[in-house]
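A.B. asks:
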Amino acid sequence: MGSDPPTSCCFSYTSSILPRKFVTDYYETSSLCSKPAVVFLTRRGKQVCADPSLPWVSEYVNDLEMN
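Shown next as structure tokens:
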């Protein structure tokens, strides 16, 4: 109808670095969320919230953008 899709937000971040080979894609959470986050999608279909200010998160995002 004219409604927006639900907004997914992260309320906590992963405490471990994901192996890069497991990550297939990513998206950023909405600016309406209380915490900014990058959500990584894994090969097994999991969604993992990560802190966008961490160096490994930026590195993965840049790598995914280039491929």
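Reminder that position 41 of the sequence shown reads as 40 in numbering that gives the first Met the number 0, one-by-one numbering, no gaps.
Ideal placement from N, C-alpha and C gives every residue a C-beta, glycine not left out.
Note that the structure is a prediction, hence the values are computed from the model and not measured.
1. Let me know the secondary structure DSSP gives Leu-40 once reduced to three states.
2. Would DSSP call Cys-8 helix, strand or coil?
3. What separation, rounded to the nearest whole angstrom, lies between the Cα atoms of Leu-31 and Cys-8?
4. Based on Cα-Cα distance, which residue from Met-65, Glu-58, Asn-66, Glu-64 lies nearest to Pro-18?
5. Look at the alpha carbon of Trp-55 and the alpha carbon of Ile-16, and state the distance between them as a whole number of angstroms.
6. Please identify the residue among Ser-52, Asp-50, Asn-66, Lys-45 whose C-alpha is closest to the C-alpha of Phe-21.
C.D. replies: Straight from the coordinates:
1. Taking the first residue of the sequence shown as position 1, residue 40 is located at position 41. Note: Leu-40 maps to strand in three-state DSSP.
2. Here residue 8 is taken as the residue at index 9 of the sequence shown, counted from 1. Cys-8: coil per DSSP, three-state reduction.
3. Walking along the sequence shown from the start, residue 31 turns up at place 32. Walking along the sequence shown from the start, residue 8 turns up at place 9. Each residue's CA atom was taken as its position, placing Leu-31 and Cys-8 some 8 Å apart.
4. Here residue 18 refers to the residue found at position 19 of the sequence shown. Glu-58 is the residue among Met-65, Glu-58, Asn-66, Glu-64 whose C-alpha sits nearest the C-alpha of Pro-18.
5. Walking along the sequence shown from the start, residue 55 turns up at place 56. Walking along the sequence shown from the start, residue 16 turns up at place 17. Cα-Cα distance, rounded: 7 Å.
6. Translated into positions along the sequence shown, residue 21 becomes position 22. The closest CA to that of Phe-21, considering only Ser-52, Asp-50, Asn-66, Lys-45, is found on Lys-45.
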